[in-house]
Amino acid sequence: MLTTSNGTSDLHAPFAEAPASPEALPAEVGTLEGYNYGFLDELSKKAVRRALLKGVAIPGYQVPFGSRELPIARGWGTGGLQITLSLVGPGDVLKVIDQGADEGVNAVNIRRLVERTSPGVATTLDTGAATIIQTRHRIPELPLRDDQLLVLQVPQPEPLRNVEWREAETRRMHAEADYSRMWVALYEDVVQNGRVTKYAGYPVLVNGRHVMAPSPIPKWDVPKLHMAPYLSLFGAGREKRIYAVPPLTSVVPLSFDDYPFAVESFGGATCARCGSPKTYLVSLPDQQGGGVYICSDSNWCDTTLAASLAAHGEACR
Amino acid sequence: MSALPTPAAQNGHAHAHPQARDAGPDHPHDHTHGDDDEHAHPAIAVHAPLAATAEAGPAMRVAGLTKLYGRGCPDCIATTGPDVETNACAACGTLVACANVSFQLQAGHTIGIVGESGSGKTTVLRALYGDVTPTAGTAHLAAYRDGQRSIFEASSAERRRIRNFTLGMVYQHAWEGLNLRISAGGNVAERLLAAEWRRIGQIRERAAGLLGRMEVPVAWMDDFPAYFSGGMQQRVQIAKALANGPSVVLLDEMTSGLDVSVQAGVLDLIQEIQRDEGVAMVVVSHDLGVVRLLCERTMVMKNGRVVEAGLTDQILEDPHHPYTQLLVSSINA
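In order, the protein sequences belong to chains S and X. Residues 0 to 316 (numbering that gives the first Met the number 0) make up the first sequence, in order. Residues 0 to 332 (numbering that gives the first Met the number 0) make up the second sequence, in order.
What follows is the structure, encoded as structure tokens:
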């Protein structure tokens, strides 16, 4: 039997009542005493917000910010977390995703930290119910609305790092929109391999001006950023950079006219668990040495499965 | 090994593609078209009389180009130069790399800069290309705002465009001008990609044409220049410099590291390009033979100053300045 990402092995029991409302996820722990609201001090939160405003004003431009110490290690989502902590307030509903799943250790701990230090903030697994969605390496399958915020954790904010290791030089390249070396790297890839082989973190041109690393989301998620109705915020805690894609901004993957950009293909496979035909799938090896595909987005998978089970139940009744 | 076929049309024929520049998509930055008609005719000799093309106007006008390394003081210019045989200011120690260098370059013509090591030749070239920020002076390019504004006043983004579209540079060392870890074709493609060519097929066709023109075997297009001989690397550099049809190409000692027979081959190619494409060139060399072969006009530099300038033949036959006399006698001896 397939195991869901949140550790339940019984397909039926947890989905008979899908957790649709934020209240369905009770606070696991109490509030910690002695910490400022949102863990960070007010000045730090203000600095992050200022960086965010600048990032929104110049789509795709990496704004340096003073990344603070947090009770999780740099490189484990501290950039996204600082954005989230600076933006949450009473009434917000937070969802945290780790590679599509809500129940990754990291996602659980981030959720718990926000919950403990920010009274009045509820958490949820439900994509549709969240007001802030902090995510690592995926954008939810459910199309987001303009009243939702997407916060992405970024390990390497500099898309030019692979072609130029000097920070001063990459800044000059961004300033002069001198991206020919990025293009040469793509050209070389096509010449050597017959196609662009980059999958995660495919470089994009934002608002026709800045080349941006969309964080290591799969190619599948890149088109979702184009003219999206919602605000996307990117935080790199270790690299101390914040950038943003405002709503209704063009986000175009770098590609050649005769070698166009294409998302991943799964050869017509559907999710083995919920049956969704058009989602980003991850492979799950089986006992026989073969494998099946299931949705990477656990909430989408759960919701679809619950809906189909409910429909099945209706039919049986 | 390349996953793509090499364009078959260009198989290394040196003269096959005089029109290759027009093969790509129309891009608005190709500044050379205006001059083509005048210089396309092969009958125009390399040493064409200056009057024949004077109406085309100067492709480049440089005035008072000065570069100081150091804080500078009012005595810097007075206490340095060929008369005192030093580049270092006696008062403040500032290094005067070059001072008050002025010249005009007619469209399609070639000017040579000769001088010993440290005379400031390369600094002039690097300042024009944008590798070095000059301390003072102006440089007007016909292709930049009709020569109404000095390129040194351009914003850094504009400067980048000038560098990518209007100028070409061939460095003394191939590793300065080429990325040796990307293919020869990729190096040429870099300039085309900067000019927003976005079709791999077209880019490869144009790169193959340029490399073939430079007598680089087209089969080597996807190999790394790190494995090429010095002469072959210089040919790739020239192909790269010519990729976007620049109006002025700057050549910095491009044959110094090559043996004599390879030198001759590369110089032949440069002469051909000069004749066919009507590109204006600034040739920096310490080798008077190179200058005699390529340049109608020559400037002699010493200790950061131009000590003599004029027609190459005149300078070589009848040198006035003592340093030039020494230079000329040293090769005739």
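Note that beta-carbon positions come from the ideal geometry of N, C-alpha and C, so glycine has one too.
Would you mind stating whether residue i and residue j have Cβ atoms separated by less than 8 Å?
i	j	result
VAL278 (chain X)	VAL235 (chain X)	no
LEU326 (chain X)	VAL305 (chain X)	no
PRO224 (chain X)	LEU268 (chain X)	no
PRO215 (chain S)	ALA227 (chain S)	no
ASN302 (chain X)	GLY80 (chain X)	yes
VAL289 (chain X)	THR254 (chain X)	yes
ARG240 (chain S)	GLN61 (chain S)	yes
GLY341 (chain X)	CYS91 (chain X)	Lying outside 0 to 332, the shown extent of chain X, residue 341 (chain X) is not represented and no answer is given.
VAL183 (chain S)	ILE181 (chain X)	yes
VAL100 (chain X)	VAL61 (chain X)	yes
LEU39 (chain S)	ARG73 (chain S)	no
ASP301 (chain S)	GLY99 (chain S)	no
ALA129 (chain S)	LEU93 (chain S)	yes
LEU280 (chain S)	PHE260 (chain S)	no
My output table needs one value for residue i: the three-state DSSP class, helix, strand or coil.
i	result
GLN152 (chain S)	strand
LYS197 (chain S)	coil
ALA271 (chain S)	coil
ASN35 (chain S)	strand
GLU307 (chain X)	strand
LEU304 (chain S)	helix
TYR186 (chain S)	helix
VAL259 (chain X)	helix
ASP145 (chain X)	helix
VAL215 (chain X)	coil
LEU283 (chain S)	strand
ALA23 (chain S)	Confidence at ALA23 (chain S) is low in this model, with a pLDDT of 48, below 50, so the placement of that residue is unreliable and no value is reported for it.
GLY111 (chain X)	strand
GLY290 (chain S)	strand
ARG291 (chain X)	helix
THR169 (chain S)	helix
Are any of the Cβ atoms in chain X nearer than 8 Å to that of residue i?
i	result
TYR279 (chain S)	no
GLU163 (chain S)	no
GLU166 (chain S)	no
TRP182 (chain S)	yes
PHE255 (chain S)	yes
ALA261 (chain S)	no
VAL251 (chain S)	no
GLY198 (chain S)	The sequence given here has Tyr at residue 198 (chain S), not Gly. Closer than 8 Å: no.
ALA212 (chain S)	no
GLU22 (chain S)	Residue confidence for GLU22 (chain S) is low, a pLDDT of 48 falling below 50, so the modelled location carries little weight; the figure read from the coordinates is stated next. No, GLU22 (chain S) does not count as interfacial toward chain X.
HIS311 (chain S)	no
VAL221 (chain S)	no
HIS209 (chain S)	no
SER117 (chain S)	no
VAL203 (chain S)	no
SER179 (chain S)	yes
Should residue i be flagged as near chain S, meaning a C-beta pair shorter than 8 Å?
i	result
GLU189 (chain X)	yes
LEU192 (chain X)	yes
SER182 (chain X)	yes
GLY244 (chain X)	no
ASP221 (chain X)	yes
ARG159 (chain X)	yes
ALA156 (chain X)	yes
GLY200 (chain X)	yes
GLY420 (chain X)	Chain X is shown from 0 up to 332; residue 420 (chain X) falls before or after that span and cannot be answered.
GLY80 (chain X)	no
GLY185 (chain X)	yes
ARG197 (chain X)	yes
Can you give the beta carbon distance from residue i to residue j, rounded, assuming they're within the 8 Å contact cut?
i	j	result
VAL262 (chain S)	PRO222 (chain S)	7 Å
GLY117 (chain X)	THR65 (chain X)	Wrong, their Cβ atoms sit about 16 Å apart, outside the cutoff.
TYR242 (chain S)	PHE233 (chain S)	5 Å
LEU293 (chain X)	THR109 (chain X)	5 Å
LEU124 (chain X)	VAL95 (chain X)	Not a contact, Cβ separation roughly 17 Å.
ASP251 (chain X)	GLN171 (chain X)	5 Å
So the alpha helix (DSSP H) residue i belongs to, where does it begin and stop?
i	result
GLY78 (chain S)	77–86
ALA261 (chain S)	Element bounds for ALA261 (chain S): n/a, residue is neither H nor E.
SER43 (chain S)	41–56
GLN133 (chain S)	GLN133 (chain S) -> not in any alpha helix (DSSP H); beta strand (DSSP E) instead, spanning 131–135.
GLY184 (chain X)	183–193
SER117 (chain S)	It is not in any alpha helix (DSSP H) - SER117 (chain S) carries neither H nor E in the DSSP assignment.
VAL235 (chain X)	229–241
Return the first residue and the last residue of the beta strand (DSSP E) that residue i is part of.
i	result
VAL162 (chain S)	Unbroken run through VAL162 (chain S): none, as it is neither H nor E.
GLN105 (chain X)	94–105
LEU230 (chain S)	230–235
ARG296 (chain X)	296–301
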